[in-house]
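Chains as they are written, first to last, in the working numbering: chain A, 154 to 472; chain B, 2 to 528. Everything below concerns the one structure shown next.
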């Protein structure tokens with residue numbers, strides 16, 4: 154087991170390195186650089202001022218030189234300064250955003266797990282009834298709705314039309330902190346974030362439970378006179394959860410992708426908003442650091458899922 | 002086992018939730034009167050920029066806590082004193098003497114001529130990351146003969162000097178004077194503890210969320226009427242409109258289409274203003290296609306500008322016959338290039354370009370991504386197709402656009418749709434049209450090389466007498482109209498919407514956000 158973990162960590166490290174090369178290369182393939190983002194095309198700017206800035210930031214160096222300089226500094230923990238934010242150091246900037254993103258992602262995940270598992274059970278137990286069919290239709294809509302669409306529709310419907318939730322942000326500007334204020338800002342983006350995920354969990358839960366329900370031990374439990382409720386909850390659901398746990402772990406990457414859209418629509422101050430802003434303004438140091446941390450998170454979560462999975466089901470040999 | 006694992010996962014999520022909630026910083030208590038707005042929304046804003054000498058826009062907001070020596074008046078027709086109570090210019094237009102107002106910094110220290118000297122020298126120093134270094138290059142010296150007088154001497158006359166100074170914010174010498182200019186370029190001082198002389202003082206910046214200011218009690222024109230001013234950030238103008246309609250903010254810039262949705266609504270006031278940006282179709286002068294002026298003129302005749310303004314701008318734009326529309330600098334008797342597709346075809350035939358596209362389309366690059374401009378470009382595309390010119394619009398983001406047009410791959414941008422600032426000082430157009438301003442020096446991205454135009458602009462810019470310079474700018478307009486360096490289209494209006502409970506609130510869609518005399522100290526909000 155420990156050998157397996159060491160190997161996985163080593164592979165993960167090289168994957169991260171490859172990721173940085175890829176991102177660095179892709180970013181530079183796009184025309185324009187951070188200095189080009191400074192130029193408001195309709196405002197008279199003297200371009201020579203900007204060229205001096207380009208030299209000062211080292212953006213005139215050849216690409217491999219820039220990459221190696223970045224890598225050397227990054228390995229010593231120095232991720233440089235944000236180009237577009239008046240020289241704020243990148244690492245604290247990115248670390249500050251992890252909290253709000255985790256808050257949003259886990260709230261969305263918890264809602265998705267609760268709703269997905271509950272509706273999945275309901276759908277499986279009431280198989281081929283009107284409840285099952287309508288839940289299935291809803292889940293297909295949920296799975297096929299892109300995050301940016303549900304986010305915009307949700308914002309317009311619940312915030313502008315119904316005025317049930319604030320239109321964006323994490324806290325009311327200038328107001329004293331209160332948990333209620335935070336939750337009122339959190340509930341709408343978290344619910345919207347959970348839609349696709351809960352639909353996916355529901356489909357898996359339904360399929361997995363149906364399979365388990367036809368097993369011999371379930372029939373045995375029923376034959377022993379156990380009440381149907383306990384047959385489902387105690388015998389069937391416990392076993393049906395296994396593939397769902399795998400699904401939740403392996404779709405963390407997708408959840409991060411969804412969070413990026415939701416964060417940019419709701420101006421939620423997390424990694425997603427930071428990355429979108431950094432990409433549109435070609436803020437290379439921020440993009441590199443944020444991508445590296447996100448990539449590391451996905452790799453670690455996947456590794457943890459594999460380990461938990463092995464621990465949960467002794468039949469699986471990790472090596 | 003599974004249930005325990007699942008339980009652990011849920012418990013871990015719960016702990017994470019709770020710990021994150023606890024680590025979110027608390028903010029200051031809300032006071033009685035607060036105005037919240039999207040002050041950095043739209044083309045005049047620059048959210049996230051805190052260094053005033055690195056600003057290319059965002060001056061509406063920056064000038065609520067910093068101030069320049071001189072500033073535009075509210076309708077941008079004249080430059081008046083701000084931190085300088087009085088300005089006198091020597092006969093030879095080389096020496097500017099500033100008599101300073103009796104002002105205080107937010108930390109209570111007096112504002113003096115040492116601050117002026119320090120600020121101008123810092124802005125002129127490229128090591129400080131200043132984007133004003135080249136524009137202030139004419140400054141030969143800055144003297145401080147006494148605490149309340151600053152004297153700036155120029156190496157050569159520059160009629161645009163005061164216009165440039167309106168954007169150069171004064172900085173506190175007593176706090177920054179001892180610091181290395183290069184270190185200041187990358188300092189968090191700007192976004193954590195900046196000190197200015199404006200009506201509001203800095204409280205905090207919550208990253209990507211909002212900037213909070215508080216009333217400065219010792220402001221020289223009296224304490225502001227509201228206690229707090231909050232600048233909320235939005236991912237786009239549509240999100241700001243949602244917040245405005247939900248009552249979360251009291252002001253924002255809006256896109257023209259959104260402005261219409263507020264008409265007739267008593268809860269809001271729609272503010273319309275001149276954008277001071279001329280939209281033009283740029284012909285890349287390095288491309289053979291556009292060498293003959295008749296081809297460029299044919300493009301003008303092929304476009305029904307009145308129809309587009311009527312149907313797509315709702316009448317809220319003025320047809321431009323040259324780079325600007327201000328009546329005092331536009332001469333009479335210009336060719337208005339009225340819609341005449343037959344004439345366009347005839348001109349193309351005369352120039353030998355009647356098979357202009359040759360079955361291929363001409364890429365038409367723009368950095369505008371709004372639905373309105375998309376419709377405008379589609380309309381023009383259809384009109385040009387009528388005379389046999391096939392173009393294909395391509396909208397990209399600003400850095401991509403700048404990366405392309407500042408390069409030399411002419412096939413990527415034979416034609417652009419862009420905007421250029423044409424006021425309040427028409428000399429703004431110099432960097433776009435002067436032959437000496439091709440990249441990397443300036444912003445003459447279309448590589449316009451017309452000696453007659455360059456000479457006319459340089460003569461107009463050297464003239465400091467207003468009535469004489471108006472006449473010279475009329476000549477520039479005449480050359481532009483005839484020689485067609487680019488196809489001037491129109492100057493459109495821009496909009497802001499303010500909640501009806503804002504009192505004495507002033508805003509205008511100035512290019513780059515101004516700055517202009519908005520008098521934020523007078524802004525008030527009804528309970």
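Glycine is no exception: its CB is placed at the ideal position from the N, C-alpha and C atoms.
Beta-carbon contacts of residue i that lie in its chain and below 6 Å, excluding the five residues immediately before and after
i	result
residue 165 (chain B)	136
residue 368 (chain B)	399 and 402
residue 149 (chain B)	101
residue 476 (chain B)	457
residue 29 (chain B)	Low per-residue confidence applies at residue 29 (chain B): pLDDT is 42, beneath 50, and the placement is therefore not dependable enough to give any value.
residue 1 (chain B)	Residue 1 (chain B) falls outside the range modelled here, since chain B spans only 2 to 528, and no answer is possible.
residue 528 (chain B)	none
residue 244 (chain A)	232
residue 464 (chain A)	none
residue 34 (chain B)	227, 228 and 526
residue 296 (chain B)	352 and 354
residue 277 (chain A)	359, 362 and 363
residue 318 (chain B)	310, 491 and 493
residue 350 (chain B)	none
Supposed contact pair residue j and residue i - C-beta distance, whole angstroms, cut 8 Å
i	j	result
residue 237 (chain A)	residue 434 (chain A)	5 Å
residue 171 (chain B)	residue 44 (chain B)	Contact flag wrong, Cβ pair sits at about 26 Å.
residue 364 (chain B)	residue 378 (chain B)	Incorrect: roughly 12 Å between the Cβ atoms, too far for contact.
residue 123 (chain B)	residue 54 (chain B)	7 Å
residue 158 (chain B)	residue 94 (chain B)	4 Å
residue 445 (chain A)	residue 169 (chain A)	6 Å
residue 303 (chain B)	residue 416 (chain B)	The Cβ separation is near 13 Å, so there is no contact.
residue 305 (chain B)	residue 340 (chain B)	4 Å
residue 241 (chain A)	residue 189 (chain B)	6 Å
residue 113 (chain B)	residue 152 (chain B)	That belief does not hold up - the Cβ atoms of residue 113 (chain B) and residue 152 (chain B) are roughly 14 Å apart, past 8 Å.
Chain-order list of residues whose beta-carbon lies under 7 Å from that of residue i (same chain, five-residue window excluded)
i	result
residue 24 (chain B)	For residue 24 (chain B), the predicted model reports a pLDDT of 41, less than 50, meaning its position is unreliable; a value from the coordinates is still stated below. Counting only Cβ-Cβ distances below 7 Å, and skipping sequence neighbours, we find nothing.
residue 263 (chain B)	269, 271 and 498
residue 305 (chain A)	418
residue 349 (chain A)	295, 296, 298, 300 and 411
residue 161 (chain B)	426, 428 and 462
residue 167 (chain B)	69, 71, 72, 73, 80 and 516
residue 365 (chain A)	371, 389, 392 and 393
Cutoff 8 Å; reference residue i; Cβ partners in own chain excluding five residues on either side
i	result
residue 335 (chain B)	322, 323, 478, 479 and 482
residue 140 (chain A)	No answer is possible for residue 140 (chain A): the residues shown for chain A start at 154 and end at 472.
residue 31 (chain B)	Below a pLDDT of 50, predicted positions are generally treated as unreliable, and residue 31 (chain B), at 45, falls in that range; the measurement from the model is reported next regardless. Here the set comprises 229.
Proximity test, residue i beta-carbon vs the ligand HEM heavy atom, cut-off 6 Å
i	result
residue 422 (chain B)	Within the structure as shown, the ligand HEM is missing, as the structure has no ligands at all.
Task: contact_flag[the segment 313-332 of chain A, the segment 237-257 of chain B] where n(CB pairs < 8 Å) is 3 or more - done: yes
TODO: Taking a Cβ distance cut-off of 7 Å, strictly less, list which residues of the segment 221-233 of chain A are near chain B, in chain order.
DONE: Cβ contacts with chain B come from no residue of the segment 221-233 of chain A.
Open item on the list: Any contact between the segment 200-214 of chain A and the segment 409-426 of chain A? By contact I mean 3 or more CB pairs, one from each, below 8 Å.
Closed with: no
- [ ] Give, in chain order, every residue of the segment 213-239 of chain B whose Cβ lies closer than 8 Å to some Cβ of chain A.
- [x] Flagged, chain order: 213, 229, 231, 233, 234, 235 and 236.
Open item on the list: So, does the segment 484-495 of chain B touch the segment 181-201 of chain B, judging by three or more C-beta pairs under 8 Å?
Closed with: no
TODO: Would you be able to state if there are at least three C-beta pairs under 8 Å between the segment 444-460 of chain B and the segment 243-260 of chain B?
DONE: no
- [ ] Counting only runs of 4+ residues fully inside the segment 328-372 of chain B, write out the alpha helix (DSSP H) ranges in chain order.
- [x] 342-351
- [ ] Output, in sequence order along the chain, the residues in the segment 382-403 of chain B whose CB is closer than 9 Å to any CB in chain A.
- [x] 397, 398, 399, 400, 401, 402 and 403
- [ ] Within the segment 361-408 of chain A, note down every full alpha helix (DSSP H) run reaching 4 residues or more, in order along the chain.
- [x] 369-376 and 391-403
- [ ] Kindly confirm or deny that the segment 225-235 of chain B and the segment 35-51 of chain B touch, where touching means at least three C-beta pairs closer than 8 Å.
- [x] yes
TODO: May I ask you to verify whether the segment 422-429 of chain A touches the segment 252-261 of chain A, counting CB pairs closer than 8 Å and requiring at least 3?
DONE: yes
Task: Start-end ranges of the alpha helix (DSSP H) lying completely within the segment 245-272 of chain B, minimum 4 residues - done: 257-261
- [ ] Tell me, please, whether the segment 159-175 of chain A touches the segment 438-445 of chain A by the rule of three or more beta-carbon pairs shorter than 8 Å.
- [x] yes
Open item on the list: Please list, in chain order, the residues of the segment 182-205 of chain A that have any C-beta partner in chain B closer than 9 Å.
Closed with: 183, 184, 185, 186, 187, 188, 189, 190, 191, 192, 193, 194, 195, 196, 197, 198, 199, 200, 201, 202, 203, 204 and 205
Task: alpha helix (DSSP H) segments (min. 4 residues) lying fully within the segment 93-138 of chain B - done: 114-125
- [ ] Would you mind listing the alpha helix (DSSP H) stretches within the segment 177-242 of chain B that are 4+ residues and don't spill past its ends, in chain order?
- [x] For the segment 177-242 of chain B, whole alpha helix (DSSP H) runs of length 4 or above, ordered along the chain, are 182-186 and 190-193.
Task: Unbroken stretches of the alpha helix (DSSP H), 4 residues or longer, contained in the segment 270-332 of chain A - done: 283-297 and 300-307
Open item on the list: Any contact between the segment 435-443 of chain B and the segment 80-95 of chain B? By contact I mean 3 or more CB pairs, one from each, below 8 Å.
Closed with: no
- [ ] Give the residues from the segment 126-141 of chain B that approach chain A closer than 8 Å (Cβ to any Cβ), ordered along the chain.
- [x] Those residues of the segment 126-141 of chain B that come within reach of chain A (Cβ to Cβ, closer than 8 Å) are 127, 128, 130, 131, 132, 133, 134, 135 and 136.
Open item on the list: Three or more C-beta pairs under 8 Å: does that hold for the segment 198-213 of chain B against the segment 324-342 of chain A?
Closed with: Enough Cβ pairs lie closer than 8 Å, so yes.
Task: Start-end ranges of the beta strand (DSSP E) lying completely within the segment 263-324 of chain B, minimum 3 residues - done: 269-284 and 318-320
Task: Chain-ordered residues of the segment 356-374 of chain B with a beta carbon less than 8 Å from chain A - done: 368
Open item on the list: Extract the residue ranges of the alpha helix (DSSP H) inside the segment 386-428 of chain B, only unbroken runs of 4 or more that lie entirely within it.
Closed with: 399-406
- [ ] Count the CB pairs spanning the segment 336-351 of chain A and the segment 258-271 of chain A that are closer than 8 Å, and state whether there are at least three.
- [x] yes
Task: Secondary structure, alpha helix (DSSP H): runs of 4+ residues fully inside the segment 447-524 of chain B - done: 452-463 and 467-484
Open item on the list: At a CB distance below 7 Å, what residues from the segment 48-63 of chain B approach chain A? Give them in sequence order.
Closed with: 49, 50, 51, 52, 55, 57 and 58
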